[in-house]
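Undergrad:
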Amino acid sequence: MFREMKLGLRLGLGFGIVVVLLLMISIMGAHSISNLSGQVNVLVHDRFPKTVWANDIIDAVNVTARVSRNSLLLTNPEDIRKELARIPEQAQLITDRFDKLTAAITSEKGKELLKKSQELR
Numbered sequence: 128m129f130r131e132m133k134l135g136l137r138l139g140l141g142f143g144i145v146v147v148l149l150l151m152i153s154i155m156g157a158h159s160i161s162n163l164s165g166q167v168n169v170l171v172h173d174r175f176p177k178t179v180w181a182n183d184i185i186d187a188v189n190v191t192a193r194v195s196r197n198s199l200l201l202t203n204p205e206d207i208r209k210e211l212a213r214i215p216e217q218a219q220l221i222t223d224r225f226d227k228l229t230a231a232i233t234s235e236k237g238k239e240l241l242k243k244s245q246e247l248r
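In our numbering, each number is its position in the sequence shown, counted from 1, plus 127.
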């Protein structure tokens, strides 16, 4: 079949096939980029803030633990009062971050885990 075609027709047919393949690859690439863009938006606007809030809670709990340890190790009553004065600020931060997480988490498993964390608090 191809041997009976003229050279120009064969070249044109080959070029046409290459153009069709290029179009298919371009469409698949555009679809993949669109899908990736949606995933990045979810990551940036939904999951990353939740991660930051959870890390803020962990940091505040760690600060509270260090304050407790330091207050037991210190001997000067004024220094002890200064250390203990840091706890309400950390408690407020933890409460604020739990409130933000409560408003932002939508999955049932996430709500269950958050509830367990709040009960342990």
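Even glycine gets a Cβ: it sits at the ideal position worked out from N, Cα and C.
Kindly list the residues whose CB is nearer than 7 Å to the CB of Leu220, restricted to its own chain and excluding five residues on each side of it in sequence; keep chain order.
TA: Asp183, Ala187
Undergrad: Look up Lys133 in the DSSP assignment and say whether it is helix, strand or coil.
TA: coil
Undergrad: Between the C-alpha atoms of Leu201 and Lys209, what's the straight-line distance to the nearest angstrom?
TA: 11 Å
Undergrad: State the start and end residues of the unbroken alpha helix (DSSP H) segment that holds Leu247.
TA: Note, Leu247: alpha helix (DSSP H), 235-247.
Undergrad: Under a Cβ-count criterion, where at least 16 other Cβ atoms within 10 Å of its own Cβ denotes burial, should Gln166 be classed as buried or exposed?
TA: exposed
Undergrad: Just to confirm my understanding: we take Leu211, look at its own chain, exclude 5 residues before and 5 after, and list those with CB closer than 8 Å. What are they?
TA: Val194, Ser198
Undergrad: With burial defined as no fewer than 16 other Cβ atoms inside 10 Å of the residue's Cβ, what is the status of Arg224: buried or exposed?
TA: buried
Undergrad: Applying the criterion that 16 or more other CB atoms from any shown protein chain within 10 Å of the CB defines a buried residue, is Leu228 buried or exposed?
TA: buried
Undergrad: Just to check my reading of the structure: Thr191 and Ile207 have Cβ atoms closer than 8 Å, yes? What is that Cβ distance to the nearest angstrom?
TA: The pair is not a contact, with the Cβ atoms about 15 Å apart (cut-off 8 Å).
Undergrad: Nearest-angstrom Cα distance between Ile232 and Asn168?
TA: So the two alpha carbons sit approximately 16 Å from each other.
Undergrad: Can you give me the C-alpha to C-alpha distance between Arg130 and Val145, rounded to a whole angstrom?
TA: 20 Å
Undergrad: Going along the chain, which residues of its own chain have a beta-carbon closer than 7 Å to the beta-carbon of Lys236, five neighbours each way excluded?
TA: none
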